[in-house]
Amino acid sequence: VSLGFFDDIYIPKHHMPDPSHYVSTTSTSKTGTWYWDYGEESFAIGDSEEIKFAVQSVSYPPIPVEQPKDSKPFAPMVVNTDRIYVP
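In terms of the numbering used here, the sequence shown has 878 at position 60, counting the first letter as 1, and numbering is strictly consecutive.
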């Protein structure tokens with residue numbers, strides 16, 4: 819999840835709306851779209867969709883001495899969320 823100015827917000831799978839499912843863009847990609855299943859329909863929770871969430875914790879990981887080349891950039895602050903809400 820991104821706020822535009824901050825991108826290190828993580829919503830664990832078990833905190834997504836229940837029931838919901840994830841559709842990967844390709845078989846080798848880590849990108850895709852979450853869908854909220856409501857009754858007979860599925861609603862996409864897209865990149866530009868507005869959601870609400872509660873902050874569960876904020877952590878400040880130690881700065882790594884070495885960082886693998888293929889890893890995500892270091893995040894000095896990480897926000898973990900509780901269940902999300904789709905308005």
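Heads up, the beta-carbon is just placed ideally off N, CA and C, and yes, glycines get one too.
Please read all numbers here as calculations on a predicted model, not as lab measurements.
Would residue i and residue j qualify as a contact pair, given that the criterion is a beta-carbon distance under 8 Å?
i: GLN874; j: ASP836; result: no
i: PHE871; j: PRO882; result: no
i: SER860; j: GLY850; result: no
If you drop the 5 nearest sequence neighbours on each side, which residues of the same chain put their C-beta closer than 7 Å to that of residue i?
i: HIS839; result: TYR853 and ASP855
i: MET895; result: ASP826, VAL876 and TYR878
i: GLN885; result: PHE892
i: GLY864; result: THR851
Determine the closest residue to residue i out of the options, with distance taken between C-alpha atoms.
i: ASN898; options: ILE829, PHE824 and GLU859; result: ILE829
i: SER820; options: PRO880, LYS831 and ILE869; result: ILE869
Taking the continuous beta strand (DSSP E) assigned at residue i, which residues delimit it?
i: HIS833; result: From DSSP, HIS833 is part of no beta strand (DSSP E); its letter is neither H nor E.
i: LYS887; result: That residue, LYS887, is in no beta strand (DSSP E); it is neither H nor E in DSSP.
i: PHE871; result: 870–877
i: PHE861; result: 859–863
Please work out which residues of its chain come closer than 8 Å, Cβ to Cβ, to residue i, disregarding the five sequence neighbours upstream and downstream, and give them in chain order.
i: LYS890; result: none
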